[in-house]
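From first to last, the protein sequence lines stand for chains S and V.
Offset between the first sequence (1-based) and my numbering: plus 22.
Offset between the second sequence (1-based) and my numbering: plus 123.
Here the structure is laid out as structure tokens; the discussion comes afterwards.
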Amino acid sequence: MELLYAITLGILTTCGVYLLLRARTFTVILGLTLLSHAVNLYLFASGRLATGAPAIIGLTEHPADPLPQALVLTAIVIGFAMTAFVVVLALKAAVELRNDHVDGEDPDEDRS
Amino acid sequence: MALALIILIPLIGASLPALCRGSAPRHLALMTALPAATSLALLLAWLPQVMNGEVIVRQLTWLPSLGLNVALRLDGVGLLFALLITGIGCLIILYARYYFEGSASAARFHSLVLMFMAAMLGIVLAENLLFMLVFWELTSLVSFLLIGFNADSQAARRGARMSLVITSGGGLVLLAGIVLLGQVVGSYQLSEVLQAGDRLRAHEHYGLILNLILLGAFTKSAQFPFHLWLPHAMAAPTPVSAYLHSATMVKAGLFLLVRLHPALAESELWFHLVTVTGMLTLMVGAFVAMFMHDMKGLLAYSTVSHLGLIMLLLGLGTPLSLAAALFHLVCHALFKAPLFMMAGYVDHATGTRDMRRINGMWRFMPTLMALSAIPAAAMAGLPLMSGYLSKKLLFSESLLVTTPGWAVAVIPVWVTLAGLFSMAYSIRIFHNVYFNGRPVDLPTWPPREPRLAALTPIALLALASLYVGLAPAGIYRELVHPAVMASRQAAMPAVDFNALGGALPMAMSLTAMTGGALFYLIRDPLFRLHARLPEVDAKEIFDWIMRWSIALSQRRVYQLENGSLQRYLTFIMITVIVLVGWDLLAVPTWHGGVPMTPLDPLTAVAAALLCLAATGVAVFHHHRLPALLLLGVTGLFVTVAFARFSAPDLALTQLMVEVMAVVIMMLALSFLPQQSPKESSPLRMTRDLAIAGLMGGGVTAFSFAILTRPPDSISAFFLANSLPGGGGTNVVNVILVDFRGFDTLGEITVLGIAAVAVFAFTRDLHLKERVVDTNPRHWVAEPHPIMLSTVARLVLPIALLVSAHIFLRGHNLPGGGFIAGLITAVALTLQYMSGGLVWAQERMLTAFRPLIGAGILIATLTGLGSWPFGYPFLTSAHDHVHWPLVGELELATAMLFDLGVYATVVGATLLILANLGKLMTVAGPGKEIG
Chain S
23 MELLYAITLG
33 ILTTCGVYLL
43 LRARTFTVIL
53 GLTLLSHAVN
63 LYLFASGRLA
73 TGAPAIIGLT
83 EHPADPLPQA
93 LVLTAIVIGF
103 AMTAFVVVLA
113 LKAAVELRND
123 HVDGEDPDED
133 RS
Chain V
124 MALALIILIP
134 LIGASLPALC
144 RGSAPRHLAL
154 MTALPAATSL
164 ALLLAWLPQV
174 MNGEVIVRQL
184 TWLPSLGLNV
194 ALRLDGVGLL
204 FALLITGIGC
214 LIILYARYYF
224 EGSASAARFH
234 SLVLMFMAAM
244 LGIVLAENLL
254 FMLVFWELTS
264 LVSFLLIGFN
274 ADSQAARRGA
284 RMSLVITSGG
294 GLVLLAGIVL
304 LGQVVGSYQL
314 SEVLQAGDRL
324 RAHEHYGLIL
334 NLILLGAFTK
344 SAQFPFHLWL
354 PHAMAAPTPV
364 SAYLHSATMV
374 KAGLFLLVRL
384 HPALAESELW
394 FHLVTVTGML
404 TLMVGAFVAM
414 FMHDMKGLLA
424 YSTVSHLGLI
434 MLLLGLGTPL
444 SLAAALFHLV
454 CHALFKAPLF
464 MMAGYVDHAT
474 GTRDMRRING
484 MWRFMPTLMA
494 LSAIPAAAMA
504 GLPLMSGYLS
514 KKLLFSESLL
524 VTTPGWAVAV
534 IPVWVTLAGL
544 FSMAYSIRIF
554 HNVYFNGRPV
564 DLPTWPPREP
574 RLAALTPIAL
584 LALASLYVGL
594 APAGIYRELV
604 HPAVMASRQA
614 AMPAVDFNAL
624 GGALPMAMSL
634 TAMTGGALFY
644 LIRDPLFRLH
654 ARLPEVDAKE
664 IFDWIMRWSI
674 ALSQRRVYQL
684 ENGSLQRYLT
694 FIMITVIVLV
704 GWDLLAVPTW
714 HGGVPMTPLD
724 PLTAVAAALL
734 CLAATGVAVF
744 HHHRLPALLL
754 LGVTGLFVTV
764 AFARFSAPDL
774 ALTQLMVEVM
784 AVVIMMLALS
794 FLPQQSPKES
804 SPLRMTRDLA
814 IAGLMGGGVT
824 AFSFAILTRP
834 PDSISAFFLA
844 NSLPGGGGTN
854 VVNVILVDFR
864 GFDTLGEITV
874 LGIAAVAVFA
884 FTRDLHLKER
894 VVDTNPRHWV
904 AEPHPIMLST
914 VARLVLPIAL
924 LVSAHIFLRG
934 HNLPGGGFIA
944 GLITAVALTL
954 QYMSGGLVWA
964 QERMLTAFRP
974 LIGAGILIAT
984 LTGLGSWPFG
994 YPFLTSAHDH
1004 VHWPLVGELE
1014 LATAMLFDLG
1024 VYATVVGATL
1034 LILANLGKLM
1044 TVAGPGKEIG
């Protein structure tokens, strides 16, 4: 299971980084989201993979590590807020610069 | 802490002149002189103790990990320099009172001069070398402001810039040297550094340390070839020149070498570097000074030359050379300051500084002439004057050099020649200004002598100079000798000033005097000869170097930084790959030894779907809507992963967030082009794929390595204390609201800020000017389907009930403020989607921004609530209460905190959503939302 988990993280990262390197804002946001999934899953896994053992006292003999879970929970919510912020930035840039290229300049346009 | 007061009083006093900017010059000068004189008085109070050879050290630990302490030290060396700084400082303030009479910028000068005085005192009184460097840089900065005092003159600005570049560049080199020295010694405290001389000289880095520190000292003390900045600093008002270049700034480098003498000096390398630099500076300065027509220029180059002379003495290493250096340093300060002052007055009276035009001033300024005769004679080294004695000391010490061979013959001849030049330029500045025929075409006519009171500082300094010349033993015993003792840390032979006149030094002295006089007599043909010499303008060279290095660095910067985000990200990714990959390659075995848990088919399928969805996003990213839907699928499978691996709280959170995130991105997408153009070349795509693949591979490798190694977690504490300490069984929630409550408080604040930022950004966004989309899109005819809105209204109360349940049970079972808030937000989002923005907005009970504020406030107040009971911030209390009908229910202050979290999450999420939604409504609700 651990190997599969690690490979999944790798694929998420690969897709995220590839999209991050594209030239359009929306695609970059997609990439950021994938990358933050990968980061969250990675942080979560630092408590190791436990099945059927939620971190609730009295439920199981060996509960899962609660600390990474608490960290990731807030990370998810803040990640959402950041995504929303980046989305609005992208919108604002698209409106003011009249294109959605990450550098604010459409390479197709005549820049004279 | 009286020692600290010596620095603090002028530092704090620097604000006084600024405060009484409008007052009369007399009051202004008094306000400035008061702190300076207090410092001087405090120093004098220490004099008896220091004369007895005591070293007073006071310290306060500041950054012990760096070895940086606020430590002060008062010994002979420090006291000698500090007395010069404050004493001459007081007279400069008096001089400036008349110099700046009627000028509006007097207050600024007075403030700066006090600040400069404090910085200089910091250098000479510091016990910790790093602490000293702070003041060292401070003098560079303040001198920049002082030299560029007349900011509207180009010469002043350029002079200031040049001095800043050279002296602070030297400061950086010095920093490197000091850090290295501290590493070798193991401490930056002078008490230890000064004891470590033998260890330092034997160390392999001694040469490097010495070179770095000397560079710092040479730049500050205007040694050849760094002397450039000093003459160009003459664009400053004369009080600045008189202060910086007689007693303070330029003496800082000399001070450093005297201070570190026991640690670094007395090696062959030291002799060669210091002596030779001193010799060159001495000669270049004296030679150029000879041919200067500008009064201040002549004085500036003569200062360079005298600094070289002192440097040369510091390098010699003969029995009395250090004493001679310090003695001459005092003499120089005493005769150079009044000469600068004199030049300032003459400049004011005549309107020019050109000595080809200023002649025969004795007719107009007899008193000034009489007073300046003394310092001029001292500079020339005429008998009975202080300069005569110090030059004699120089001559006799130069004869005592025994090694190396070349020096035995060269140095005595060299210093005699320099003495000859100094005689010549000293005669010139006096004779040329006051006699030498009649004035030629002066801009201000007739020149008027400043009033008597204005001459006081010159008179006092001239008297002091005279006193040193007539009774040198007193100064020597009280100031120079303790300083030498402190620097050398050994007793030294007494000097009999009357017996200095050995035959050979006497002859050298006479040669210099007569030669100088002769030289002056035949000056006219010499000037003509000099004018024919090819002119080397050092400033041009300096400017050329500056321009060249600026252009070079600009080119380099623009090569890296061309404004392309893709390029920067590529650089960052490659850096990460290289840095992390380097370490990863060194991992011996990937499998850490912990056996893997068995794989079940369902998990395998889910993982495969997750990977497929993620890959799908990347592959179909040109078609944005499908890519976004696939992104949603990815998020759902991430949720499944959390649920599978025992994190119900995370699964719930991720589920809600995923819904909200996709809704928001869809909203955004409706304003953006639906397709991304295919613009990357195959080469670029291959490169990016390679980078992404390497990143992914690396992540796989190290997460696998971590997952198969035994965990080392601190969670046992939380598991053990959750119930007894936090009163809840859901450890994740207890960590969030109790153990790590402060983190959570910070996080909801960030959430609130992000939401408010979204609000601010969307407020003046007009999407009418949105990007033109080439593909027409197909809008649904029915904006709010009746079925959806009916069901949504039905769902709302149930959802809110679920949310309340999740909230209440959160402390013990999966749930809590974050999740309950997100559920509420999703339920309300559904209302917005089904009923439309205007419809839903009318039915909202509260605005969102106050809700966010209230949430953060509730959380903070809950935290503060523990203070009155004497507990630290965010200590929680809990109790189990039996409620009628409901049953046993736990009440904890943590729940109140969670309520704050809940309110913030609901407010922030809806604020974001509603404001993005507002953009979509063409007519809009007419007013801002939130």
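All residues carry an ideal CB built from backbone N, CA and C; glycine is no exception.
Collapsed DSSP secondary structure at residue i in the structure displayed
| i | result |
| --- | --- |
| Trp185 (chain V) | strand |
| Ala137 (chain V) | coil |
| Asp723 (chain V) | coil |
| Arg767 (chain V) | helix |
| Asp125 (chain S) | coil |
| Arg574 (chain V) | coil |
| Arg144 (chain V) | coil |
| Arg46 (chain S) | strand |
| Val563 (chain V) | coil |
| Gln312 (chain V) | strand |
Where the alpha helix (DSSP H) through residue i begins and ends
| i | result |
| --- | --- |
| Ala423 (chain V) | 418 to 439 |
| Arg284 (chain V) | 277 to 308 |
| Met696 (chain V) | 688 to 708 |
| Leu874 (chain V) | 864 to 886 |
| Asp835 (chain V) | That residue, Asp835 (chain V), is in no alpha helix (DSSP H); it is neither H nor E in DSSP. |
| Gln682 (chain V) | 661 to 683 |
| Ala409 (chain V) | 399 to 413 |
| Trp485 (chain V) | Premise fails: Trp485 (chain V) is in no alpha helix (DSSP H) and is neither H nor E. |
| Met464 (chain V) | 444 to 473 |
| Asn856 (chain V) | 854 to 857 |
Alpha-carbon spacing of residue i relative to residue j, whole angstroms
| i | j | result |
| --- | --- | --- |
| Asn482 (chain V) | Ala609 (chain V) | 47 Å |
| Gly625 (chain V) | Ser519 (chain V) | 8 Å |
| Phe458 (chain V) | Ser545 (chain V) | 13 Å |
| Leu868 (chain V) | Thr852 (chain V) | 21 Å |
| Phe825 (chain V) | Leu707 (chain V) | 7 Å |
| Gln689 (chain V) | Phe992 (chain V) | 55 Å |
| Thr831 (chain V) | Phe768 (chain V) | 16 Å |
| Ala1017 (chain V) | Leu748 (chain V) | 42 Å |
| Ile664 (chain V) | Ile336 (chain V) | 25 Å |
| Gln798 (chain V) | Thr105 (chain S) | 20 Å |
| Tyr548 (chain V) | Asn334 (chain V) | 33 Å |
| Arg972 (chain V) | Ile1035 (chain V) | 10 Å |
| Ala1015 (chain V) | Gly755 (chain V) | 37 Å |
| Ala160 (chain V) | Thr361 (chain V) | 21 Å |
| Phe48 (chain S) | Val785 (chain V) | 13 Å |
The beta strand (DSSP E) enclosing residue i, as first and last residue numbers
| i | result |
| --- | --- |
| Leu197 (chain V) | 191 to 197 |
C-beta atoms of residue i and residue j nearer than 8 Å
| i | j | result |
| --- | --- | --- |
| Gly978 (chain V) | Val914 (chain V) | no |
| Gly101 (chain S) | Ser68 (chain S) | no |
| Val925 (chain V) | Leu974 (chain V) | no |
| Leu1058 (chain V) | Ile130 (chain V) | This structure gives no information on residue 1058 (chain V), because the portion of chain V shown stretches from 124 to 1053. |
| Phe378 (chain V) | Val247 (chain V) | yes |
| Glu315 (chain V) | Val307 (chain V) | no |
| Ile814 (chain V) | Val39 (chain S) | yes |
| Phe258 (chain V) | Val363 (chain V) | no |
| Pro148 (chain V) | Glu224 (chain V) | yes |
| Pro85 (chain S) | Ala75 (chain S) | yes |
Inter-residue CB distance, residue i and residue j (contact presumed, cutoff 8 Å)
| i | j | result |
| --- | --- | --- |
| Gly420 (chain V) | Leu543 (chain V) | Actually they do not touch by this definition, with Cβ atoms about 20 Å apart. |
| Thr209 (chain V) | Ser162 (chain V) | 5 Å |
| Val381 (chain V) | Leu353 (chain V) | Contact doesn't hold; Cβ gap of about 20 Å is too wide. |
| Leu214 (chain V) | Leu583 (chain V) | 6 Å |
Residue i: CB within 7 Å of a non-hydrogen atom of the ligand ADP
| i | result |
| --- | --- |
| Trp705 (chain V) | In the structure on display, the ligand ADP does not appear, and there are no ligands present to speak of. |
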